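Peer 1: Counting from 1, position 149 in the sequence shown corresponds to residue 603 in this note's numbering; the numbering is continuous, with no gaps.
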Amino acid sequence: MPEEPILPIDHPLLALPSAPIERVDDEVRELAEEMFRVMELARGAGLAAVQVGRPLRLVVVDVPDAQGARRRMAMVNPRIVAASERTVVGEEGCLSMPGYDIPVPRREWVEVAFQDLDGGEASLVASGTFAVCVQHEVDHTDGVLFFDRASRLRRRRAKDHFRKGRRRHEAGVRPQ
Ligand code: ZN
Numbered sequence: 455m456p457e458e459p460i461l462p463i464d465h466p467l468l469a470l471p472s473a474p475i476e477r478v479d480d481e482v483r484e485l486a487e488e489m490f491r492v493m494e495l496a497r498g499a500g501l502a503a504v505q506v507g508r509p510l511r512l513v514v515v516d517v518p519d520a521q522g523a524r525r526r527m528a529m530v531n532p533r534i535v536a537a538s539e540r541t542v543v544g545e546e547g548c549l550s551m552p553g554y555d556i557p558v559p560r561r562e563w564v565e566v567a568f569q570d571l572d573g574g575e576a577s578l579v580a581s582g583t584f585a586v587c588v589q590h591e592v593d594h595t596d597g598v599l600f601f602d603r604a605s606r607l608r609r610r611r612a613k614d615h616f617r618k619g620r621r622r623h624e625a626g627v628r629p630q
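(1) Is there at least one non-hydrogen atom of the ligand ZN closer than 7 angstroms to the beta-carbon of LEU495?
(2) Pull up the distance between the alpha-carbon of ALA469 and that of GLY619, whole angstroms please.
(3) I need the boundaries of the beta strand (DSSP E) containing ASP516, first residue and last residue.
(4) In angstroms, rounded to a whole number, what distance separates the CA positions of VAL542 and GLY597?
(5) In three-state terms, what does DSSP make of MET455?
(6) Grab me the residues of ALA436's own chain with a C-beta within less than 6 angstroms of its C-beta, minus the 5 sequence neighbours each way, in chain order.
(7) Which value, in whole angstroms, describes the spacing of the CA atoms of ARG568 and GLU488?
(8) Beta carbon of VAL513, beta carbon of GLY500: below 8 angstroms?
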């Protein structure tokens, strides 16, 4: 595994929709295992395959749901099939842009349909942090980034922040 396996937010792959997974086989299960490892090392709540350079519709999450129960699972070809009309705004970040949280509006709850790692059809209703995480990761499979959902001003600030950080990094200066 490369030292920094998570692609940065300005990587062109992250702006493109990922391909559907035709068959849930060992290769997909191995990719999911690798993604769980990468997510845990980065202390993240969710990760999409495209973030590790594999533009496939596969996401992993590890978050508490609205009742506080831990939801650690992989979702193959996840799609949101129903959502609340109500939106809630919460602070949100992305493993492709660590340490930068901004307010993002999200549906209060979503119903997501997907396949599990055995290829079985499944669906569930997510609310709370779990719902935010599912929407964030499904967005990644569509090439949509968290700041695309924020106000234009916040989006511009986020991009500026990232570019400045990159220049500091390239100049060998420690980030503040
Ligand atoms: Zn993300």
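The beta-carbon is built from N, C-alpha and C at its ideal position, and this holds for glycine as well. Computed from a prediction, not measured in an experiment: that's the story for all the values here.
Peer 2: In this structure, then:
(1) If you number the sequence shown from 1, residue 495 lands on position 41. No.
(2) As a position in the sequence shown, residue 469 is number 15, starting the count at 1. As a position in the sequence shown, residue 619 is number 165, starting the count at 1. So the alpha carbons of these two residues sit roughly 20 angstroms apart.
(3) Taking the sequence shown and counting its residues from 1, the one referred to as residue 516 is at position 62. Counting along the chain, the beta strand (DSSP E) containing ASP516 begins and ends at 512-518.
(4) As a position in the sequence shown, residue 542 is number 88, starting the count at 1. As a position in the sequence shown, residue 597 is number 143, starting the count at 1. Taking the straight line from one Cα to the other gives about 22 angstroms.
(5) The residue given as residue 455 occupies position 1 in the sequence shown. Residue confidence is low: MET455 scores 47 on pLDDT, short of 50, so the model does not pin down where it sits. No coordinate-derived value is stated.
(6) Residue 436 lies beyond the residue range present for the chain, which begins at 455 and ends at 630; the question has no answer from this structure.
(7) Here residue 568 is taken as the residue at index 114 of the sequence shown, counted from 1. Here residue 488 is taken as the residue at index 34 of the sequence shown, counted from 1. Checking the displayed sequence, the identity of residue 568 turns out to be Phe instead of Arg. In this structure, the straight-line span from the alpha carbon of PHE568 to that of GLU488 is close to 19 angstroms.
(8) For the purposes of this step, residue 513 is taken as the residue at position 59 of the sequence shown. For the purposes of this step, residue 500 is taken as the residue at position 46 of the sequence shown. Cβ distance < 8 angstroms, so VAL513 and GLY500 count as in contact.
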